[in-house]
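Numbering (the working numbering), first residue to last: 27 to 565.
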Ligand code: ADP
Ligand code: MG
């Protein structure tokens with residue numbers, strides 16, 4: 027065995043591997059450099075899935091000609107000088123490695139402030155002058171041509187293109203003040219206005235329909251937008267979390283966001299979100315990951331609370347699920363956008379009164395409100411009302427219970443029998459009065475007034491399983507959801523007009539009434555305006 031120092035060439039290739047994993051990493055580093063240079067416009071072009079060409083042009087400060095070759099040396103940076111600087115990094119880059127790493131595994135051409143440099147496999151191939159243009163243009167060709175092992179790890183062209191696009195999309199969503207453009211194989215894939223309007227930027231990135239269903243998040247130290255419950259995705263792909271406009275991966279922040287959607291989205295559904303935390307540079311350590319994907323906070327708990335609270339506040343502005351009527355077929359009638367619509371008076375939320383019209387299709391209530399027609403899923407609606415009520419009791423509210431005419435004996439598994447003692451207070455809080463009844467059974471003497479006597483046994487068993495099985499931080503929510511589910515009117519149960527009216531009133535008053543506690547919609551609105559559009563009553 028012989029120990030020897032690696033040649034610079036090998037050492038560089040190893041270090042480059044950490045920074046430049048795939049074409050998207052090149053895009054990321056070059057876009058970050060452009061933003062650090064104060065660019066207001068960043069144009070990205072990708073060809074051949076990024077192996078052929080990645081080109082980033084910006085209108086930032088540029089690189090002085092006498093420093094152009096310096097920029098491509100490892101550990102050469104203008105952003106950090108002394109050790110203390112590391113404690114408060116305000117730029118996206120700071121390691122001075124990106125340009126060197128990219129140059130080590132590709133052919134690079136860079137033009138700035140009237141000068142030009144070309145490098146191949148880490149060595150300068152050509153230097154000279156270039157026609158002066160604003161900012162900086164960097165072109166990266168033949169990525170990984172000299173490291174065939176890397177090439178083999180690349181995924182399909184479509185996947186690599188998508189990853190590269192995702193980088194630009196994230197930054198475009200985070201920085202509405204910067205004009206982004208992305209061209210993939212000659213086709214324009216993205217263009218934002220750069221006018222500072224985040225909703226407009228999101229419209230460019232995610233589409234107008236998504237942008238329309240986003241709610242602004244505005245708190246001290248947190249900016250962004252999150253989707254209303256009526257808009258969700260089957261994965262976390264449309265969530266961008268950032269610290270000081272740097273996209274980061276953070277399980278804690280992710281959890282804070284998802285926790286705010288508890289009871290508003292179904293299991294397995296995720297919001298669309300762009301959240302940018304403004305943290306004083308001294309409060310966050312960005313130097314914990316070679317690609318700077320992860321960060322460490324001084325006070326993670328405070329960040330968690332900030333995100334959860336601000337998102338909850340934003341969600342307060344959610345609108346009811348509404349029937350989207352498709353625009354009429356082209357050519358047969360004026361387009362919706364051509365029709366001058368009368369201005370609707372804004373609905374005043376306390377004042378909404380729903381008039382029950384009846385029950386249809388086994389379990390939907392039909393009602394008329396000031397703005398149109400509302401269809402209500404009677405079970406989901408009742409579940410929400412009862413869930414809120416039970417949760418309030420579990421958190422310490424009053425507990426009206428009703429003595430059963432005939433006390434019921436309920437058989438329980440040993441773990442659940444134990445739970446009756448352990449959670450005695452919580453059972454009492456929701457209205458259960460339970461006592462031991464020999465081994466493996468309890469006698470129920472009183473139950474919540476809301477629970478129909480014939481469902482007392484199943485409600486109790488489910489409630490006990492929730493109390494015994496849930497994680498402590500959402501135990502009360504789970505318990506409230508299970509007792510609400512068993513106590514609510516079922517889909518298919520007949521309801522007379524008085525019962526319908528009462529449920530509608532309670533629903534209108536209930537908090538978070540847009541969804542049931544499992545995140546399913548409680549009602550669907552068909553607005554008078556949509557109806558007028560559909561029947562063309564606008565002329
Ligand atoms: P870092 O960003 O960590 O400083 P890089 O290797 O990415 O390291 O870049 C090295 C230096 O080159 C930067 O510190 C910056 O001074 C300069 N630079 C790189 N790209 C640009 C650009 N697009 N505009 C202006 N300066 C740039
Ligand atoms: Mg950089």
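Backbone N, C-alpha and C fix where the C-beta goes; we use that ideal spot for every residue, glycine too.
Quick caveat: nothing in here was measured; it's all calculated off a predicted structure.
Item                                                                                                                   : Value
Cβ contact (3+ pairs, closer than 8 Å) linking the region 411-418 and the region 523-540                               : yes
Stretch-stretch touch, CB-based, cutoff 8 Å, three pairs: the region 551-560 with the region 300-316                   : no
Strand pairing of residue 166, partner residues [DSSP]                                                                 : 80, 134
For residue 302, the first and last residue of its enclosing beta strand (DSSP E)                                      : 299-303
Distance between residue 425 and residue 457 (C-alpha atoms, nearest Å)                                                : 5 Å
Straight-line Cα distance separating residue 197 from residue 476                                                      : 51 Å
Contact set for residue 258: own chain, Cβ-Cβ below 7 Å, skip 5 residues either direction                              : 291, 295, 296, 297
Residue 403 - partner residues in DSSP beta bridges                                                                    : 390
Spatial neighbours of residue 361 in its chain, beta-carbon cut-off 6 Å, leaving aside the 5 residues before and after : Reliability of the predicted coordinates at residue 361 is poor, the pLDDT of 33 falling under 50, and the value obtained from them is presented with this limitation in mind. So no residue of the chain qualifies.
Residue from 149, 495, 73, 67 whose Cα sits closest to the Cα of residue 95                                            : 149
Nearest candidate by alpha-carbon position, reference residue 171, set 133, 156, 200                                   : 133
8 Å CB neighbourhood of residue 53 in its chain, flanking five on each side removed                                    : 70, 72, 76, 80, 82, 190, 193, 194
Proximity test, Cβ basis, 7 Å: residue 403 and chain D                                                                 : Note that chain D does not occur in the displayed structure, where there is just one protein chain.
Any heavy atom of the ligand MG within less than 6 Å of residue CB: hits in chain order                                : 55, 58, 59, 119, 124
Residue burial classification, residue 564 (beta-carbon count within 10 angstroms, cutoff 16)                          : exposed
Three CB pairs or more closer than 8 Å across the region 546-554 and the region 514-525                                : no
Residues that residue 437 bridges to, as DSSP identifies them                                                          : 467
Bounding residues of the alpha helix (DSSP H) (the contiguous stretch that carries residue 488)                        : 482-495
Integer Cβ distance of residue 501 from residue 455, believed to fall under 8 Å                                        : In fact, because the Cβ distance is near 12 Å, the residues do not count as touching under 8 Å.
At least 3 beta-carbon pairs within less than 8 Å: the region 218-236 vs the region 249-256                            : yes
Backbone CA spacing between residue 231 and residue 206 [nearest angstrom]                                             : 10 Å
Runs of alpha helix (DSSP H) wholly within the region 273-299 (minimum 4 residues, chain order)                        : 277-286
Span of the alpha helix (DSSP H), counted from its first residue to its last, around residue 35                        : 34-45
Proximity below 7 Å, CB of residue 241 to CB of residue 343                                                            : yes
Nearest to residue 405 (by Cα), restricted to the options 284, 449, 547, 429                                           : 547
Residue interval of the beta strand (DSSP E) (run including residue 250)                                               : 248-253
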